[in-house]
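*Asks:* To start, I am sharing the structure in question, which I have written as structure tokens.
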Amino acid sequence: MKKNLLIAAILAVVLVAGLAVSAVAANSTDTGSVTVTAKVNPKITLTLSDTAVDFGNVEPGTTIADKTVGLSVDSNKSFSLGSVVSGQDALMGFSADATLDGATGAKGSGTTFTDTYSLNVPWDTDPGDYTSTVQYTVTQD
4 MKKNLLIAAI LAVVLVAGLA VSAVAANSTD TGSVTVTAKV NPKITLTLSD
54 TAVDFGNVEP GTTIADKTVG LSVDSNKSFS LGSVVSGQDA LMGFSADATL
104 DGATGAKGSG TTFTDTYSLN VPWDTDPGDY TSTVQYTVTQ D
């Protein structure tokens, strides 16, 4: 009887081991991978706080230096800033902040600059309407 019980116990252990092996075999795994790629393009944007500045009616010999324009640059590379004044600037005594020409910035968003415009109307300027343009250019390095 003990012998039959021993044989039954051994068979039970073998049966459980066989089930465990088959369970492990049923849970086999495999892996795969995906390569993700992207090419980030260079990008730069310039935003101006104002696109027009009006000094209004001015008198000869008058100096006005309180007009400002904000510039904001977003760039994913370092950059340089340039400006060119054209038009009738000399006739009306107009000038912009020369320190901005050649200014540089690091990559990132929201790099800000302020340009201050001045007007110093010479006495020999004829009466009339005068216009100048300030062109800003941002260039990635």
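Going by the working numbering, the letters in the sequence shown line up with residues 4 to 144, in that order. Backbone N, C-alpha and C define an ideal beta-carbon position, used for all residues, glycine too.
#1: For a minimum of 3 consecutive residues, which ranges assigned as the beta strand (DSSP E) are wholly contained in the region 81–142?
#2: Let me check understanding here. Comparing Cα to Cα, which of K42, A68, D118 and D92 lies closest to D100?
#3: Can you check which of these residues, L122, S31, S112 and V37, is closest to E62 by C-alpha distance?
#4: Shortest alpha-carbon distance to G59 belongs to which of V88, F82 and Y133?
#5: Can the beta-carbon of T136 be found less than 8 Å from the beta-carbon of V76?
#6: Assuming K80 and Q143 are in contact, meaning their beta carbons sit under 8 Å apart, how far apart are those beta carbons, in whole angstroms?
#7: Do you know offhand how far I67's Cα is from T40's?
#8: So, under 8 Å CB-CB, L49 and Y139 are touching, yes? Tell me the CB distance rounded to an integer number of Å.
*Replies:* In terms of the structure at hand:
#1: 82–90, 97–99, 106–108 and 111–123
#2: D118
#3: L122
#4: Y133
#5: no
#6: 4 Å
#7: 55 Å
#8: 6 Å
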